[in-house]
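Per the UniProt record's numbering, residue 1 is the first one in the sequence shown, and the count goes up by one each step.
Accompanying notes for the structure given below.
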Amino acid sequence: MNKKKNPSLKELVDLSELQLIQDNFAEAVGTSSVIFSPGCEPLTEFSNPTGFCSLIQSTTAGKERCFQSLREMVRGALESEEPRIMYCFAHGGHFVAPIVIGGKHKGTMFAGQFTPTEFSEGQLEDIRRIAGEIGLDPELLLAEAEQMRVVSEDAVRNYSSLLFQIVGVIAKLGSQAGELRQVRDALQEAHDALERRVQERTSELAEANAGLQHEIAERKSAEDALREGEERFRMMFENLSNAVAVYESVDYGADFIFKDLNRTGETIDDVKREDLIGKSVLNVFPGVVEFGLFDVFRRVWQTGEPEHYPASRYKDEKIAVWRENYVYKLPSGEIVTIYDDVTEQKQMEESLAESEEKHRTLVETLTDLVFIVDMEGRFTYLSPIFEDITGYPVRDFIGHSFTEVIVPEYIESAVNRFKKGVSGEEISLYEIELIHKDKKSVPVELNSISLLNADGGVVGTTGTARDITKRKELEQQLQQAFDKLKVSYEELSIPVIQVWDGVLVLPIIGVLDNERINRLMETMLAKIVETQSRVVIIDVTGVRSVDTNVANDLINMTKAAKLLGAKCVVTGIRPEAAHTLVGLGVDMSEITTKRSMQEGLKYALQIAGAGGVGA
1 MNKKKNPSLK
11 ELVDLSELQL
21 IQDNFAEAVG
31 TSSVIFSPGC
41 EPLTEFSNPT
51 GFCSLIQSTT
61 AGKERCFQSL
71 REMVRGALES
81 EEPRIMYCFA
91 HGGHFVAPIV
101 IGGKHKGTMF
111 AGQFTPTEFS
121 EGQLEDIRRI
131 AGEIGLDPEL
141 LLAEAEQMRV
151 VSEDAVRNYS
161 SLLFQIVGVI
171 AKLGSQAGEL
181 RQVRDALQEA
191 HDALERRVQE
201 RTSELAEANA
211 GLQHEIAERK
221 SAEDALREGE
231 ERFRMMFENL
241 SNAVAVYESV
251 DYGADFIFKD
261 LNRTGETIDD
271 VKREDLIGKS
281 VLNVFPGVVE
291 FGLFDVFRRV
301 WQTGEPEHYP
311 ASRYKDEKIA
321 VWRENYVYKL
331 PSGEIVTIYD
341 DVTEQKQMEE
351 SLAESEEKHR
361 TLVETLTDLV
371 FIVDMEGRFT
381 YLSPIFEDIT
391 GYPVRDFIGH
401 SFTEVIVPEY
411 IESAVNRFKK
421 GVSGEEISLY
431 EIELIHKDKK
441 SVPVELNSIS
451 LLNADGGVVG
461 TTGTARDITK
471 RKELEQQLQQ
481 AFDKLKVSYE
491 ELSIPVIQVW
501 DGVLVLPIIG
511 VLDNERINRL
521 METMLAKIVE
531 TQSRVVIIDV
541 TGVRSVDTNV
551 ANDLINMTKA
561 AKLLGAKCVV
571 TGIRPEAAHT
581 LVGLGVDMSE
591 ITTKRSMQEG
601 LKYALQIAGA
611 GGVGA
């Protein structure tokens, strides 16, 4: 009997069973599905075709374009052993998975049409053009396009990847079963031939004995081949990365007992195969009924239709784990479950969800506004405090430019800082004003940084905005208080006192600089005019250092007062200051000086009493 070296998929798998699995998958996921041979010919009928796909194939031109597109995707799939997501000429998404057995491409599985997001305006316009090219009413095709189911690529990839694995397992089992049948047939033929030859050659003992030895050798060879085939099947069974358990029905599905368990199953469930064989699943896993898997066993055993049981939580007195199961029935009537432990994955998902909830609660209870802006400057997130600060609901600004909520005079500055952020530059703390719904402006302090993705690429900016209205009010109050204090200080630092009619006293304390001299002169001259004084006593007792500059300033003040009809008298020059002025050669002849304030007052009374200023 000749053994075909490279059997096709339809020789390895019952296509009617494969069609049934494909139909159930397509109906469950809500997409169309079909399997093509490596020669780009369909091996199965289209399952659950979408209205969009059916409408395109309703015309000769459309069907030709559709199949041509599928053939191109088949050729693309042959270049890779991994599942891929590809798009047809009409922008429909397809999960394309090569079916590889023994390193050979046996076929290509498609799952579509779907779209990961709603069609863009450009895609809809292209669909309108395609409708005209294949002889369809563009509006009808656009209507079907808008009805196309939006399914995330990850969801389709997960379901289709599972079907891809199942088809591979069935194909491998079919291949092994074919080999076993061939070996059994060869053994039977050898056995029959042996019996005939023994009967025919009984009289020729020597020749019969030689022939018998030959036949025994052939039988041994056939038995060895059978054992090798069984060993290959056992090795495949033991080394699958998925856990596999085989059960036998008891009392027409009232219970199921363990027949076999592979090594992965022993590892996942921390058990020994020999401890389980012959035991009831109800005793080994007492929570299997509540888990829901026992009902799946019964349905599959009764109907013969395989079922995928999604990841669910199993719990009994000893363990609490998450399991995902795929259950199918063997021709022998035994039930097989292929399962995986997804406990760690579920725990990570729960931890992630808990962490996200904590961060969300933290962000939403902050008194500062938290925002995220994409590369186009559009808000993708705003914390709830946004409504308290601006009066606008958050939903009104998600997807809108951040400039829409900024007072116009601050937009240019904000845009420049945003450009720095998306280019990866550091952004310093800055202040702007936001537009409140009541048309008032709200001052805020912004602190933002570049937002990076997992690869370190900039995808926008994020940061906080703090309402500083109260701080600004306090700053204004402080400034007003400071201004008042400054005025009071200046009044105290430049006191011009009228001691008698016609006599003013200007005591100077501290260091004299140009600014203070100018204020002193302005204040003194204004007071002379206001009081019509004839004498001004400038007391420098509180000035520790009198140098050339100070002396010249005093001379200028004396000259200015003289122009207004008043005479200046300088009192209180310290001895060390007088010594310094003499050493510097300063001419003090134009200044009338007295030793003390008391002498200065006496001198001023004399001048005022005389009714004149004098030279």
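The C-beta atom is built at its ideal place from N, Cα and C for all residues, glycine as well.
Here the structure is a predicted model, which means the values were calculated and not measured.
Item, Value
"Residue burial classification, H214 (beta-carbon count within 10 angstroms, cutoff 16)", "exposed"
"N242 - DSSP class collapsed to helix/strand/coil", "coil"
"C-alpha gap between R298 and G292, whole angstroms", "11 Å"
"Host beta strand (DSSP E) of F256 (start-end)", "255 to 261"
"H400, buried or exposed, once every other Cβ within 10 Å from all chains shown has been counted against 16", "exposed"
"Neighbour-count burial assignment, I338, 16 or more Cβ in a 10 Å radius", "buried"
"Cβ contact check for the region 551 to 568 and the region 529 to 537: 3 or more pairs under 8 Å", "yes"
"Span of the beta strand (DSSP E), counted from its first residue to its last, around D467", "458 to 467"
"Minimum C-alpha distance to I385 - residue among I372, T367, R395", "T367"
"Per DSSP, cross-strand counterpart(s) of P443", "E433"
"Residue range of the alpha helix (DSSP H) that includes Q68", "60 to 78"
"Sequence-distant residues of its chain with Cβ nearer than 6 Å to Y326 (five each side left out)", "H308, I338"
"Length at least 4, wholly inside the region 588 to 612: the alpha helix (DSSP H) runs in chain order", "597 to 610"
"Neighbour-count burial assignment, V442, 16 or more Cβ in a 10 Å radius", "buried"
"Neighbourhood of L78 by C-beta distance below 8 Å, restricted to the same chain and skipping five residues each side", "P38, P98, H105, T108"
"Whole-angstrom distance between R227 and E189, CA atom to CA atom", "17 Å"
"Other residues of its chain near S413: CB distance less than 8 Å, five sequence neighbours each side excluded", "Y430, I432"
"Secondary structure of L18, DSSP reduced to three states", "helix"
"Rounded C-alpha distance that separates A245 from I398", "51 Å"
"Cβ separation of A604 and V511, assumed to be a contact under 8 Å, to the nearest whole Å", "26 Å between Cβ atoms; not a contact."
"Where H308 falls: helix, strand or coil (DSSP)", "strand"
"M557 - DSSP class collapsed to helix/strand/coil", "helix"
"Inter-residue CB distance, Q147 and G51 (contact presumed, cutoff 8 Å)", "6 Å"
"Per DSSP, the bridge partner or partners of V100", "H105"
"Exposure label - R323; buried when at least 16 CB within 10 Å", "buried"
"Reference T117; option with closest CA among L434, D154, G102", "D154"
"Contact the region 448 to 456 vs the region 474 to 481: 3+ CB pairs below 8 Å", "no"
"Burial state of V496, where buried means 16 or more other Cβ atoms lie within 10 Å", "buried"
"Span of the alpha helix (DSSP H) around Y410", "408 to 422"
"Short Cβ contact (8 Å threshold) for S16 with A26", "no"
"Residues near S152 in its chain [Cβ-Cβ closer than 8 Å; skip 5 each side]", "P116"
"Counted within 10 angstroms of its Cβ, other Cβ atoms place E144 as buried (16 or more) or exposed", "buried"
"Straight-line gap, L124 to F95 (C-alpha atoms, nearest Å)", "21 Å"
"Nonlocal neighbours in the same chain, by C-beta distance under 8 Å from E387, ignoring five residues either side", "P393, V394"
"Alpha helix (DSSP H) runs wholly inside the region 274 to 334, at least 4 long, in chain order", "281 to 284, 288 to 291, 293 to 303"
"Beta-carbon proximity of V296 to F256, cut-off 8 Å", "no"
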